[in-house]
Structure formats: structure tokens, C-alpha cells
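A.B. asks: Let me begin by handing over the structure; questions about it come next.
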Amino acid sequence: MHCDRIFACSIGNVANKHSLKQLARGAQGGGLVTIFDSNYRSRWKTKVLNILEHVRQPCVTNISIEWDGRIDEEQKFNMQAPKMIRSLFNGMRLSVYRFIKNCHKATLTVTIDGQEFVTTVFNSVITTTIGRILHC
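Using UniProt numbering, read the sequence shown as starting at 1 and increasing by one per residue.
Structure (C-alpha cells):
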């Protein structure tokens, strides 16, 4: 199975960054957007080397999370954040959040080079936070 990957670049702040991100997100094989700031040309070499490194490695795509818990009427419209999960390459990190009652299990499904991987993450009742404070 062959999937196209898109690596979009922009120089300066005149490009439509939203359109570039949508273009990269729509690639079946994954994509990435890199913005080159014309005020910091000394960082361009590092960014180009990072792009070339990402081109050579597999990409994690089609990332989805199935949250196991009780969703009541109040929580029905609370989606996870971020709603759409971008493609990931080696060394990239991502945190995904959702407020849901009694959720002690989440199942992560991803595709890497056309092969699907599934893993389940559990947490204990001890680590559950109750209250109105959110740590960001």
C-alpha cells in the first residue's frame, strides 16, 4: 500500500498557515508543516535537517482514542482536545485530554506504514482528580 506524504514549508508570515496544515493533515501517509521565520535565518539549517530526518522515518497516522467511561448528557458534547490528532514522527510528543466520568481505560489505535497497532492504557482510581481546577 502506497500513501503520499506531504511536507509543506512556508517562508515568512505571508503564507496561509491554516491551509498548509489542512493540506498536510489530508495526506494519507502523514504530513508536516514547517514555518521558516525570515527574521531567524540561522535556524533554517536545523529545520531543513529535521524535515529530511522525518522524510526517512515512518509516520504515525490515523491516530484515534476510544475513551471507556460513562458519558452523561452534560459530557456528550465535550470532545477530546485536540479533536483531530496530527501525524507524529519520532521524537514528537502529544497530549490528548478529555473530561469524562469514571474513565479508567483508553484504547489508542494508530497506523504505521499501513499496519494498525492497538494499545490500551489504564489508570487507577487513586490518580483521579476531582474539583474545578485544571492544570495546563
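No residue lacks a Cβ here, since even glycine has one placed at the ideal position from N, Cα and C.
Just so we're clear, the structure is a prediction, and the values are computed from it rather than from any experiment.
(1) Taking Val-55 and Gln-80 to be in contact with their CB atoms under 8 Å, please state how far apart those CB atoms are, rounded to whole angstroms.
(2) In this structure, does DSSP put Asn-50 in helix, strand or coil?
(3) Shortest alpha-carbon distance to Gly-31 belongs to which of Asp-37, Lys-21 and Tyr-40?
(4) What separation, rounded to the nearest whole angstrom, lies between the Cα atoms of Thr-120 and Thr-107?
(5) Unbroken alpha helix (DSSP H) runs of length 4 or more, entirely within the region 79-110: which are they?
C.D. replies: Reading it off the structure:
(1) Numbered from its first residue, the sequence shown carries residue 55 at position 55. Numbered from its first residue, the sequence shown carries residue 80 at position 80. With a Cβ gap of about 29 Å, Val-55 and Gln-80 do not count as contacting.
(2) Locating residue 50 in the sequence shown gives position 50, where the first residue counts as 1. In this structure, Asn-50 counts as helix in the three-state DSSP scheme.
(3) Taking the sequence shown and counting its residues from 1, one reaches residue 31 at position 31. The option with the nearest alpha carbon to Gly-31 is Lys-21.
(4) As a working note, residue 120 is residue 120 in the sequence shown. As a working note, residue 107 is residue 107 in the sequence shown. Rounded to the nearest whole angstrom, the C-alpha separation of Thr-120 and Thr-107 is 4 Å.
(5) Qualifying alpha helix (DSSP H) stretches: none in this window.
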